[in-house]
Amino acid sequence: MTNNKKVLTWLDEMVKLCRPDEIVWIDGSEEQLEKLREEAVATGEMIKLNQEKLPGCYYHRTAENDVARVEDRTFICTPTKEEAGPINNWMEPSEMYAKLSKLYDGSMIGRTMYVIPYSMGPVGSPFSKIGIELTDSIYVVLNMDIMTRVGKAVVDALGEDGDFVKCLHAKKDVNPEERYIVHFPQDDTIWSINSAYGGNVLLGKKCFALRIASYLGKQEGWMAEHMLILGLENPKGEVKYICAAFPSACGKTNLAMLIPPEGLKAQGYKVWTVGDDIAWLRVGEDGRLYAVNPEAGFFGVAPGTSEKTNFNALESTKKGTIFTNVAINTDDMTVWWEGLDKNPPENAIDWLGNKCNGKEYFAEGKKLANPNSRFTAPAKNCPCISSEFENPNGVPVSAIVFGGRRAKTAPLVYQARDWNHGVFVGATMASETTAAATGAVGVVRRDPMAMRPFVGYNMADYFQHWYDMGKKISNPPQIFNVNWFRLDDEGHFMWPGFGDNMRVLNWIIDRCEGKVDAVETPIGFVPNKEDLDLEGLDIDDAALTELLSIDKDVWKDEVKQQREFFAQFGDRLPKEIVDSMDDLEKRLG
Ligand code: OXD
Ligand code: MN
């Protein structure tokens, strides 16, 4: 399919290492994909769902030990440990290549190697980058086809001499003891072995579009961020774009596809989705920041997704979607997960493959779907997909929003004083952990810019890159922090979230346009209560006051925790961070 010598030489080397029986280039044609779907169904790798109710939809179950990203087995292999920094696992590249080569050796004997040429970003856009993933999994091929732009057009765009990110995935025997997700940023290389779970094996996503891309962005003067991109349309038909970073499973997909509450909807407010997980950001000629979503699909968390919580995401999953680790309703071969509705199927197969009675499970509090079960849905299915989704030049960003799950500390929303203060706000993000990665759930962990698991180099240098970018953006976005997850003393959520978050987004855009004042606090600007449109919302004044309040003692403790976290970066930590911390402490009194 190509004369590109760099591709052919690398492919030859990988084939000698993995020794597949057969090599198949993925050309992106529907005929070829359909043949692969049939083959996967024949071998049991995938299950065909009800084609009348869910046309083009399939089901896949991963191994029980292979249901989430494995951060403890994810490595950044730079020549020196300092380049990878204290947050990343590190091994010297030649040592890691030697170690993994033993695992890959002959790993595809008796199997087929699929060669997937793919583009992150619209093919041919100045934002876009090309990768080639070699894999022995049809599931990976079919998911990559949804999540990225795959096939012949990409090979043509690569040309005879183009560069690409070299991605190798072997499922091997999904042994968790020998599972590795490894990045060699200096070599544009990703090696993944012994997993078949999306985040570990769809190498265009976290591995390339965040870890490798963040490294490339640092070299080339742009940014790869764990951010959704949405367009907020006002009643005059003007659309303003917001990028927002939240840790995994904190509702990025929900916010990206939000439906405004009735009152605002009636006035003509709308949200358009550009992306739900990753943004590539570049400075435009007009000095503004522009964002492109490098992906072509949504790899969303299924549990909790319902007609009520995210109608648009649910609609997106109704055709051409792959479901992973949810439950099957065997009466009509459709899917079910916790939170879809209150009506679990009586005749079901749970995510582990056990026949069961869903109603009994529900009553016993047993899970039918894995908490990190997923849908892989084409973005073009989404009823609110933005007309700018394919725009090769991206959309201009008015606001950047950071957020996380904080029971007590952060108010509903506050605005940073300027870009540099905003970088500090992002760098001090923290959140209570979720099921998207293995490990304990519900523990507060510091997660700067929601990028803790995804920065492909030293995080201190990543902070510096944000400050450096600020100097290049003459007309920068305003930066905000939100917290939809504040709890009252009884442990109840104080803010309804979901569609009502639109009320906060409107305030954010009003601030960007200088339309409303705000109250200055030690941590930044919070809204005057009367500037939040709360029409039709049942929230009492005391609760709102509490939601917008800042407890100085809690924040003094917060600064202590920040200092502890930042200490690990030593002298490499930008001075601006220390200055902002000192300043915050002073403001707190
Ligand atoms: C994801 C994640 O899958 O952040 O998007 O884990
Ligand atoms: Mn994510």
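Residues in the sequence shown are numbered consecutively from 782, following this note's numbering. All residues carry an ideal CB built from backbone N, CA and C; glycine is no exception.
Using a cutoff of 6 Å, the CB of residue 917 does not count as near the ligand OXD, since none of the ligand's heavy atoms is closer than that. Around the ligand MN, the residues whose beta-carbon falls short of 6 Å from at least one of its heavy atoms are 1007, 1029 and 1058, given in chain order. A Cβ-Cβ distance of about 5 Å is found for the pair residue 995 and residue 1237, placing them in contact under the 8 Å criterion. The C-beta of residue 789 has fewer than 16 other C-beta atoms within 10 Å across all chains shown, which makes the residue exposed. Judged by their CB atoms, residue 935 and residue 899 are nearer to each other than the 7 Å cut-off. With a threshold of 6 Å, the Cβ atom of residue 980 counts as near the ligand OXD, since some heavy atom of the ligand is closer than that. Between the C-alpha atoms of residue 1360 and residue 1033 there is a straight-line separation of about 31 Å.
The distance from the Cβ of residue 1011 to that of residue 1037 is about 5 Å, consistent with a contact at the 8 Å cut-off. Around the beta carbon of residue 1144, a 10 Å sphere encloses fewer than 16 other beta carbons of the protein chains shown; the residue is thus reported as exposed. Counting only runs of at least 3 residues, the stretch 963-1028 fully encloses the following beta strand (DSSP E) elements, listed from N- to C-terminal order: 970-974, 1004-1006, 1008-1014 and 1020-1026.
When only Cα atoms are considered, residue 968 and residue 878 end up about 12 Å apart. DSSP places residue 1336 inside the alpha helix (DSSP H), whose first and last residues are 1333-1348.
One alpha carbon belongs to residue 1156, the other to residue 1003, and they sit about 30 Å apart. For residue 1308, the enclosing beta strand (DSSP E) starts and ends at 1305-1308. In terms of Cβ geometry, residue 1229 and residue 1210 form a close pair [threshold 7 Å].
The three-state secondary structure of residue 1150, taken from DSSP, is coil.
Contact check between the stretch 823-831 and the stretch 1193-1209: fewer than three CB pairs, one atom from each, fall below 8 Å, which does not count as touching. From the listed residues 1006, 1179, 1367 and 1344, the smallest Cα separation to residue 1289 is found for 1179.
Residue 1016 places its beta carbon 7 Å or farther from that of residue 1101.
Residue 1276 places its beta carbon 7 Å or farther from that of residue 1329. By the neighbour-count definition (other C-beta atoms within 10 Å, threshold 16), residue 950 is a buried residue. With respect to the 7 Å criterion, residue 892 and residue 917 are classified as neighbours on the basis of their beta carbons.
Note that the stretch 1167-1175 touches the stretch 905-922; at least 3 beta-carbon pairs, one per stretch, sit closer than 8 Å. The alpha-carbon of residue 1005 is positioned some 44 Å away from that of residue 1138. A distance below 7 Å between beta-carbons, with the five flanking residues on each side excluded, links residue 1035 to the following residues of its chain, in chain order: 1090, 1091 and 1279.
Runs of the beta strand (DSSP E) lying entirely within the stretch 1085-1164 and spanning at least 3 residues, in chain order: 1103-1105, 1108-1110, 1115-1117 and 1155-1159.
In the DSSP assignment, residue 1251 falls outside any beta strand (DSSP E) and within the unbroken alpha helix (DSSP H) covering 1240-1253. When DSSP states are grouped into helix, strand and coil, residue 1177 belongs to the strand group. According to the DSSP assignment, residue 898 belongs to the beta strand (DSSP E) that extends over 893-901. Beyond the five residues adjoining it in sequence on each side, residue 1255 comes within less than 6 Å, by CB distance, of 1068 in the same chain, given in chain order. When rounded, the separation of the alpha-carbon atoms in residue 1189 and residue 1304 is 15 Å. When the alpha-carbon of residue 973 is set against those of 1162, 1310 and 882, the nearest one is in 882.
DSSP, reduced to helix, strand and coil, places residue 885 within a helical segment of the structure shown. Annotated as proximal: residue 1025 and residue 1182, with beta-carbon spacing under 7 Å. Non-local C-beta neighbours of residue 993 in its own chain, meaning closer than 7 Å and more than five positions away in sequence, comprise 946, 964, 966, 969, 971 and 1237, ordered along the chain.
Taking 7 Å as the cut-off, the Cβ atoms of residue 856 and residue 846 do not count as close.
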